[in-house]
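Report on the following structure.
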Amino acid sequence: MESNKPLDEVKKFNPYERPKKNREPKDTIDFKKYWKLIVGLVLAFVLLLIVVTNVYIVKENEYRVVRQFGEVVKIQEQPGIQMKIPFIQSVTTLPNYQMTYDVSEAEINTKDKKRIIIDNYAIWHVDNPLELISNAGTIVNAESRMEEFIYSVVRTELGQLNYEEIINDENSSRGSVNDSVTAKVNELLKKDKYGIQVLDVRIKRTDLPEENEQSVYTRMISERESTAQNYLSQGDAKKREMEAQADRQAQEVIATARKEAALIQAEGESQAAKIYNESFSKDPEFYELYRSLESYKKTIGEDTVIILPSDSPYADILSGNFD
Numbered sequence: 000m001e002s003n004k005p006l007d008e009v010k011k012f013n014p015y016e017r018p019k020k021n022r023e024p025k026d027t028i029d030f031k032k033y034w035k036l037i038v039g040l041v042l043a044f045v046l047l048l049i050v051v052t053n054v055y056i057v058k059e060n061e062y063r064v065v066r067q068f069g070e071v072v073k074i075q076e077q078p079g080i081q082m083k084i085p086f087i088q089s090v091t092t093l094p095n096y097q098m099t100y101d102v103s104e105a106e107i108n109t110k111d112k113k114r115i116i117i118d119n120y121a122i123w124h125v126d127n128p129l130e131l132i133s134n135a136g137t138i139v140n141a142e143s144r145m146e147e148f149i150y151s152v153v154r155t156e157l158g159q160l161n162y163e164e165i166i167n168d169e170n171s172s173r174g175s176v177n178d179s180v181t182a183k184v185n186e187l188l189k190k191d192k193y194g195i196q197v198l199d200v201r202i203k204r205t206d207l208p209e210e211n212e213q214s215v216y217t218r219m220i221s222e223r224e225s226t227a228q229n230y231l232s233q234g235d236a237k238k239r240e241m242e243a244q245a246d247r248q249a250q251e252v253i254a255t256a257r258k259e260a261a262l263i264q265a266e267g268e269s270q271a272a273k274i275y276n277e278s279f280s281k282d283p284e285f286y287e288l289y290r291s292l293e294s295y296k297k298t299i300g301e302d303t304v305i306i307l308p309s310d311s312p313y314a315d316i317l318s319g320n321f322d
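Letter by letter, the sequence shown follows residues 0 to 322 of numbering that gives the first Met the number 0.
Next comes the structure, spelled out in structure tokens:
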């Protein structure tokens, strides 16, 4: 049976098209019933956010500075949890512990007109935060002022000492100088109310300018060589003195020994002569014979030729005539 509808009005059949189902309308959420809950949750979240962002913690090693419209209204030092007024107050932090500041190297002149480079360091802390904020403004500015005072005082104090007194560890006056520098720097900081206190100032290193190092080293070598030569000269002089003293003592000992030997020998010869006289006085003829025999021993040798008269008593003994 043919349809009476035009061809363009006839719906074309699409085999891939899914047939539409009749959907029932879903129930819509009525937000008017929950608006109070939503508003309450939003307000709670905002309130919690305000509380969280305006609560701050004060630690043991810090100051908390509370400002209101730029003016300091409170400084919290005791550890704990604090809260500031939202949108009106702001909180910043300052250190409440000992800090070390490395002072820049500086060149100074000693009492004996020598130039040296001094490298110091300082141990300090914030003593009065309100004074620091009022007069220095920031930690950096406070350190800058402290460095200026340290340089000025160190230059004055070390300018009253000689170079050897500064660099010689055994006779160094650094200890008393450090204490004096610390005290005077604190006086200047307290006078200008910078709110910081220096606990200690120490000399970390002393050095010479580069252009003076070689000349100083050369002079030090020359001084050491001169000192060594002086010690050698003193040693030689002491050696000669000791040798002369030893020679003198030796000569005195020898002279004394010779003197004593001569006395002993003279005494022995005197005793011998006395014994000879006593012995020979008992028999004078024997004594004469003995003297003649002794003279023969001294005058007659193997090749000795003696010409004597035949009637000479000296010749009688040689010829064996003892009558």
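Where is the CB? At the ideal position from N, CA and C, for every residue including glycine.
Should residue i and residue j be called a contact, given that it needs their Cβ atoms to be closer than 8 Å?
i, j, result
"glycine 141", "leucine 131", "Here the sequence assigns alanine to residue 141, which means glycine is not the residue at that position. Yes, they are a contact pair."
"arginine 201", "asparagine 177", "yes"
"isoleucine 115", "glutamate 104", "no"
"valine 180", "tryptophan 123", "no"
"lysine 83", "valine 71", "no"
"isoleucine 165", "threonine 109", "yes"
"glycine 194", "proline 128", "yes"
"proline 85", "isoleucine 138", "no"
"lysine 203", "valine 152", "no"
"methionine 145", "tyrosine 216", "no"
Do you know how far the Cα of residue j is from the Cα of residue i?
i, j, result
"serine 278", "leucine 288", "14 Å"
"glutamate 106", "arginine 63", "39 Å"
"leucine 188", "asparagine 95", "18 Å"
"lysine 297", "isoleucine 274", "23 Å"
"arginine 218", "glutamate 224", "10 Å"
"valine 252", "glutamate 259", "10 Å"
"glycine 267", "lysine 238", "42 Å"
"asparagine 119", "serine 232", "43 Å"
"threonine 52", "glycine 39", "20 Å"
"aspartate 126", "lysine 192", "10 Å"
"serine 175", "alanine 236", "42 Å"
"alanine 265", "lysine 281", "24 Å"
"alanine 43", "isoleucine 80", "21 Å"
"leucine 262", "alanine 249", "20 Å"
"phenylalanine 285", "serine 291", "10 Å"
"glutamine 97", "valine 45", "40 Å"
"alanine 256", "alanine 272", "24 Å"
"valine 57", "tryptophan 34", "40 Å"
"glutamate 222", "tyrosine 230", "12 Å"
State the DSSP-derived secondary structure class of residue i, mapped to helix, strand or coil.
i, result
"glutamine 250", "helix"
"leucine 207", "coil"
"aspartate 7", "Here aspartate 7 scores only 49 on pLDDT, less than 50, and its place in the model should not be relied on; the value that follows carries that caveat. Three-state result, aspartate 7: coil."
"glutamine 228", "helix"
"proline 283", "helix"
"asparagine 276", "helix"
"lysine 345", "Since the first residue of the chain shown is 0 and the last is 322, residue 345 is not available in this structure."
"lysine 73", "strand"
"glutamine 88", "strand"
"asparagine 95", "coil"
"glutamate 59", "coil"
"glutamine 118", "According to the sequence shown, residue 118 is aspartate rather than glutamine. In the structure shown, aspartate 118 sits in a strand (DSSP, three-state: E or B)."
"asparagine 108", "strand"
Against chain B, does residue i count as a neighbour if the rule is that its beta carbon must be under 8 Å from one of theirs?
i, result
"arginine 154", "No chain B appears in the structure shown, which is made up of a single protein chain."
Per the contact definition of three or more C-beta pairs closer than 8 Å, is the stretch 230 to 244 in contact with the stretch 157 to 165? no
Kindly confirm or deny that the stretch 86 to 102 and the stretch 64 to 75 touch, where touching means at least three C-beta pairs closer than 8 Å. Yes, since at least three Cβ pairs between the stretch 86 to 102 and the stretch 64 to 75 fall closer than 8 Å, the two stretches touch.
Going along the chain, which unbroken runs of the alpha helix (DSSP H) with 4 or more residues stay wholly within the stretch 28 to 52? Counting only unbroken stretches of 4 or more residues, no alpha helix (DSSP H) element lies wholly within the stretch 28 to 52.
Quick check for students: name the residue ranges of the beta strand (DSSP E) that lie wholly in the stretch 137 to 207, counting only runs of 3 or more. Segments of the beta strand (DSSP E) lying fully in the stretch 137 to 207: 195 to 206.
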